[in-house]
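Peer 1: Under our numbering, the letters of the sequence shown match residues 0 to 151, in that order.
The structure under discussion is supplied below as structure tokens; questions concerning it will follow.
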Amino acid sequence: MTALALFWGLVGSAAFTVVVLVSWWRNPEVWLADVTDGEQKPPTNATTVTWTVLVALTFLGGSFVAAWLAGSVADAGFVERFLVAHAVMAIVNLVDLVVVDIAVYLWWRPSWMTIPGVAMPTDDGMHVRGAVNGFAMAIPIALLAAVVSLAA
0 MTALALFWGL VGSAAFTVVV LVSWWRNPEV WLADVTDGEQ KPPTNATTVT WTVLVALTFL
60 GGSFVAAWLA GSVADAGFVE RFLVAHAVMA IVNLVDLVVV DIAVYLWWRP SWMTIPGVAM
120 PTDDGMHVRG AVNGFAMAIP IALLAAVVSL AA
């Protein structure tokens, strides 16, 4: 079970990292609410909405599918499937925190990861809070993935 969680967590991490980095490159306004702690909302044009949905589906949907696949392969009970599902999403969340938020956003700081006219945060507190929220968000998703994998 651990190997399945690790495998699917890394697959999900790779997909999510690519989508996040490409969304920063193509349409950084998607991240406007995140970098301003909700003080400014992203524009509601079709491009921004599309990227927002794509990022959300990759994290939530991709993590759910990866967790469901990991849980459904093995002959395991509800608790094991829940733990595998949560582990998959925890790996995605940790890779996002370490690779995207800290290594790329805070250390590298490429020019395409800025929003014109917006003061970009330089502390890691915002990113750590986001990771904590991601772990909490993963609990109901992991519960749902465990239930669906048992029913399948």
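Think of the CB as a built atom: it goes at the ideal place given N, C-alpha and C, for glycine as much as any other residue.
Rounded C-beta distance between V83 and A4? I'm assuming under 8 angstroms.
Peer 2: The residue you call residue 83 lines up with position 84 of the sequence shown. The residue you call residue 4 lines up with position 5 of the sequence shown. Yes, V83 and A4 are in contact; Cβ-Cβ is about 5 angstroms, under 8 angstroms.
Peer 1: Compute the distance between the beta-carbons of H126 and L93, then report whether it is under 7 angstroms.
Peer 2: Within the sequence shown, residue 126 is the residue found at index 127, counting from 1. Within the sequence shown, residue 93 is the residue found at index 94, counting from 1. It is not a contact, given that the beta carbons lie outside the stated cut-off.
Peer 1: Just verifying my parser: in three-state terms, what is the DSSP assignment at P41?
Peer 2: Here the question's residue 41 lines up with position 42 in the sequence shown. Coil at P41, not helix or strand.
Peer 1: Please return the same chain residues whose Cβ sits closer than 7 angstroms to the Cβ of A89, not counting the five positions on each side in sequence.
Peer 2: Reading the sequence shown from its first residue, position 90 is the one you call residue 89. Only F134 and A137 meet the Cβ criterion.
Peer 1: How far does the alpha helix (DSSP H) with L59 in it extend, from its first residue to its last?
Peer 2: Against the sequence shown, residue 59 aligns to sequence position 60. Here L59 belongs to no alpha helix (DSSP H), and DSSP marks it neither H nor E.
Peer 1: Check whether the Cβ of G124 sits closer than 6 angstroms to any heavy atom of the ligand GDP, and report yes or no.
Peer 2: Judged by which ligands are present, the structure shown has none, so any question about the ligand GDP falls away.
Peer 1: If you drop the 5 nearest sequence neighbours on each side, which residues of the same chain put their C-beta closer than 7 angstroms to that of L149?
Peer 2: Locating residue 149 in the sequence shown gives position 150, where the first residue counts as 1. Result list for L149: F77 and R80, in chain order.
Peer 1: Looking at the structure shown, is D172 part of a helix, part of a strand, or coil, going by DSSP?
Peer 2: The chain is shown only over 0 to 151; residue 172 falls outside these bounds and no answer can be derived.
Peer 1: Suppose you measure from the CA of D36 to the CA of D74; what does that come to, to the nearest Å?
Peer 2: Start at 1 with the first residue of the sequence shown, and residue 36 comes out as number 37. Start at 1 with the first residue of the sequence shown, and residue 74 comes out as number 75. The straight-line gap from Cα to Cα measures roughly 43 angstroms.
Peer 1: Please work out which residues of its chain come closer than 6 angstroms, Cβ to Cβ, to T113, disregarding the five sequence neighbours upstream and downstream, and give them in chain order.
Peer 2: Counting from one through the sequence shown, the residue named residue 113 turns up at place 114. Once the five neighbours on either side are set aside, the close Cβ partners of T113 are M119.
Peer 1: Assign N44 to buried or exposed, taking buried as 16 or more other Cβ atoms, counted over all protein chains shown, within 10 Å of its Cβ.
Peer 2: Here residue 44 refers to the residue found at position 45 when the sequence shown is read from its first residue. Exposed, by the Cβ-count rule.
Peer 1: Taking DSSP as the reference, what is the three-state secondary structure of I90?
Peer 2: Sequence index remark: in the sequence shown, residue 90 carries index 91 (1-based). If DSSP states are grouped into helix, strand and coil, I90 belongs with the helices.
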